[in-house]
Each structure stands twice: as C-alpha cells, then as structure tokens.
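Just so we're aligned, residue 15 is where the sequence shown starts under this note's numbering, counting upward by one.
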Amino acid sequence: MPEIWTDRKELHAAFITREIESGDTHFQSVTAPEDEESALRALENNRGVISGYFGFPDLKLCMAKQVHGRQLVYTDKPGLAGEADGLVTDRPGLAVGVLVADCAALLLADRVNKVVAAVHAGWRGAIAGIIPEAVRQMEKIGAEPDLIQAYISPCISMEAFEVGEEVASQFPDRFVDRSGRKPHVDLQGYIYEEMLKNGISGPSVIRDTTCTFHNEKLLHSHRRDGFRSGRMLGVVFVAE
15 MPEIWTDRKE LHAAFITREI ESGDTHFQSV TAPEDEESAL RALENNRGVI SGYFGFPDLK
75 LCMAKQVHGR QLVYTDKPGL AGEADGLVTD RPGLAVGVLV ADCAALLLAD RVNKVVAAVH
135 AGWRGAIAGI IPEAVRQMEK IGAEPDLIQA YISPCISMEA FEVGEEVASQ FPDRFVDRSG
195 RKPHVDLQGY IYEEMLKNGI SGPSVIRDTT CTFHNEKLLH SHRRDGFRSG RMLGVVFVAE
C-alpha cells in the first residue's frame, strides 16, 4: 500500500500489507521468539523489508514485544524495546513499528516537533487507555495534540468482531450491536472517538475502514486464519 501523508516529505509512514509477500519476504514476529537472538533476527528481517519499501537502505528500526496492554516506551535507538504495545520517539531517522492482524495499527506524528508514535491498538489496549497514553507520552517529549496527525489502519470490522458479553460490556453501548445472537463491537469507531477525546481533530485522522477478516487477499486476520495468520506492519519515522 502507498505511503501515508505523502504531502509531508520529511515524514514517512505506511501500513504495509501482504502485497509485499513473495517467497521469503514477510514480516516476522519479535514477540513470539523465546530467545533474544531469534527476536533480533526477526527484527533485522523486518528492518530489511521496510528499508526496501521506503528506499532507505540504512533505515534504523525499533520494535517491542507486544502484550496487548497499554504500556508505551520512549526509544531513541534501534533494536528491541522490551514489552510494550507502543513506541514513541523524537529521533529523526529512527523508525518505530508495530505488527497487527485484526488489531489496529495507530500511527501518530507531529511533524513540526518531530515526534512520532506507533501503537498496537487491540480491544484490550484500547479499553485500558493506550490511546490517551500515547498522546500523553508524545506531549512529554514536545508534541502538541492540535499538530498531531493520525492514521488508523484496517482492523476487524464490527460485522466480523463477534464477542462475548464480558468483552462487549467494557465498551460504551454506542459501539456495540446486540441485535444478533452475540454482541458485535466497533473497535475502530471506539479508537477514533478516543483520538478526538484526546485533542486530535477529526480532519487530522485518516481511517482505513477495510476489514481484515473479509479481505484475505490483502490483509492477515487472526480471527479468520488462527495461529497460521501472518502480520501487517505499521511504521512511522521522520527522515534525518
């Protein structure tokens, strides 16, 4: 898929789908490997893929072990950043990335103050408050909410996101459809509202409402494919 915010030459961001996959070219999880050496190899694989995608051969990349929480980590260097579901940086030339299947990749950028963040926003993290935490962490290092641009990637749609009442009850009723046998939740709608509640204007938010579950050719889906599912990568950085 094409870059986001192509009118901002110093800002680079993309949600890279399975269109890039051919032969051995695919993203590898840095969460699943039990040993750090394997995780570092996965990180280097991912760095190579996005370096080719953006045309920056020496692009630096930082990723974290995603745990479906609300923890964000500030990073100023490439490599593995421990357990977290979001990364924030103010270092030009350092890309931060998250892997998703049915969860949303949320990319945030204040290009004026050169602060960016990549967030893995599943239902657990969203309910736990990862979106306001991301904005807060960006503000701590100089970002201004009214200057932040945001991108919400494809994720599982309300139609496909059937859940139990124990999950549905954690969302405001306006994001839950209880007309069927089981409740369905509008995850992306909830994430979008959380962005607005935390000072980011509607026109500054790009939403791709494509459903991961219903678009097998383009998108991976854990709900659809189970443990054999691959991952897409959301990545953002400010060029040096």
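Note that CB positions come from ideal geometry on N, CA and C, so glycine has one too.
Considering just the uninterrupted stretch of the alpha helix (DSSP H) at Arg-221, what are its terminal residues?
Here residue 221 refers to the residue found at position 207 when the sequence shown is read from its first residue. Here Arg-221 belongs to no alpha helix (DSSP H); instead the beta strand (DSSP E) covers 219-221.
Using the three-state DSSP reduction, which class does Asp-191 fall into: helix, strand or coil?
The sequence position of residue 191 within the sequence shown is 177, counting from 1. DSSP places Asp-191 in the strand class (E or B) of the three-state scheme.
Secondary structure at Gly-213, three-state DSSP: helix, strand or coil?
On the sequence shown, residue 213 is found 199 positions in, with the first residue counted as 1. Reduced to three states, the DSSP call for Gly-213 is coil.
Does DSSP classify Ile-170 as helix, strand or coil?
What you label residue 170 is simply residue 156 of the sequence shown in a count that begins at 1. If DSSP states are grouped into helix, strand and coil, Ile-170 belongs with coil.
Work out the CA separation of Glu-48 and Glu-97 for me, nearest whole Å.
If you number the sequence shown from 1, residue 97 lands on position 83. If you number the sequence shown from 1, residue 48 lands on position 34. Those two C-alpha atoms are separated by around 13 Å.
Can you tell me where the alpha helix (DSSP H) with Leu-121 in it begins and where it stops?
Here residue 121 refers to the residue found at position 107 of the sequence shown. Careful: Leu-121 lies outside any alpha helix (DSSP H), inside the beta strand (DSSP E) at 118-124.
Measure the alpha-carbon distance for Glu-33 versus Tyr-67 and round it to whole angstroms.
Along the sequence shown, read from residue 1 onward, the residue named residue 33 stands at position 19. Along the sequence shown, read from residue 1 onward, the residue named residue 67 stands at position 53. Going from the Cα of Glu-33 to the Cα of Tyr-67 covers about 11 Å.
Which term fits Ser-167, buried or exposed, when burial requires 16 or more other beta carbons within 10 angstroms of its beta carbon?
Residue mapping note: residue 167 aligns to position 153 of the sequence shown, counting from 1. Ser-167 comes out buried.
Identify, in the order they occur along the chain, each residue of the same chain with its Cβ nearer than 6 Å to the Cβ of Asn-80, setting aside the five sequence neighbours on each side.
Within the sequence shown, numbered from 1, the residue matching residue 80 stands at position 66. Reading the sequence as shown, one finds Gln at residue 80 and not Asn. Only Thr-45, Asp-99, His-134 meet the Cβ criterion.
For Glu-208, does the count of other Cβ atoms within 10 angstroms reach 16, so buried, or fall short, so exposed?
In the sequence shown, the residue the question calls residue 208 occupies position 194. With 16 or more Cβ atoms within 10 Å of its Cβ, Glu-208 is classed as buried.
Using 9 Å as the threshold, is the C-beta distance between Ala-164 and Val-219 below it?
Mapped onto the sequence shown, residue 164 falls at position 150. Mapped onto the sequence shown, residue 219 falls at position 205. Yes, they are a contact pair.
Leaving out five residues before and five after Glu-179 in sequence, what residues of the same chain have Cβ atoms less than 7 Å from its Cβ?
In the sequence shown, the residue the question calls residue 179 occupies position 165. If we look at Glu-179 and ignore the five residues flanking it on each side, its Cβ neighbours are Pro-197.
Mapping DSSP to helix, strand and coil, what is Val-177?
Locating residue 177 in the sequence shown gives position 163, counting from the first residue. Three-state result, Val-177: coil.
Strictly by DSSP, which residues pair up with Val-199?
In the sequence shown, residue 199 corresponds to position 185, counting from 1. Val-199 is bridged to Val-190.
Is it the case that the CB of Thr-224 approaches a heavy atom of the ligand ATP more closely than 8 Å?
Absence of the ligand ATP from the depicted structure is noted, as is the absence of any ligand whatsoever, leaving it without description.
Please report the straight-line C-alpha distance between Leu-201 and Ser-171, rounded to a whole angstrom.
Taking the first residue of the sequence shown as position 1, residue 201 is located at position 187. Taking the first residue of the sequence shown as position 1, residue 171 is located at position 157. The straight-line gap separating the alpha-carbon atoms of Leu-201 and Ser-171 is approximately 7 Å.
Collapsed DSSP secondary structure at Gln-151 in the structure displayed:
On the sequence shown, position 137 is the one that residue 151 refers to. Helix at Gln-151.
Looking at the secondary structure, which residues open and close the alpha helix (DSSP H) in which Phe-68 lies?
Counting from one through the sequence shown, the residue named residue 68 turns up at place 54. Run containing Phe-68: 50-68, per the alpha helix (DSSP H) assignment.
From Glu-230 to Ala-115, what distance separates their C-alpha atoms?
Within the sequence shown, residue 230 is the residue found at index 216, counting from 1. Within the sequence shown, residue 115 is the residue found at index 101, counting from 1. Distance between the alpha carbons of Glu-230 and Ala-115 is about 11 Å.
Identify the continuous beta strand (DSSP E) that holds His-134 and give its terminal residues.
Position 120 of the sequence shown, counted from the first residue, corresponds to residue 134. Unbroken beta strand (DSSP E) run through His-134: 129-135.
Going by DSSP in three states, Glu-24 sits in which element: helix, strand or coil?
For this step, residue 24 is matched to residue 10 along the sequence shown. It is coil, neither helix nor strand.
Do you know offhand how far His-40's Cα is from His-236's?
Here the question's residue 40 lines up with position 26 in the sequence shown. Here the question's residue 236 lines up with position 222 in the sequence shown. Going from the Cα of His-40 to the Cα of His-236 covers about 16 Å.
Over the uninterrupted beta strand (DSSP E) stretch that includes Val-250, give me the two end residues.
Here residue 250 is taken as the residue at index 236 of the sequence shown, counted from 1. Val-250: member of the beta strand (DSSP E) spanning 246-252, first to last residue.
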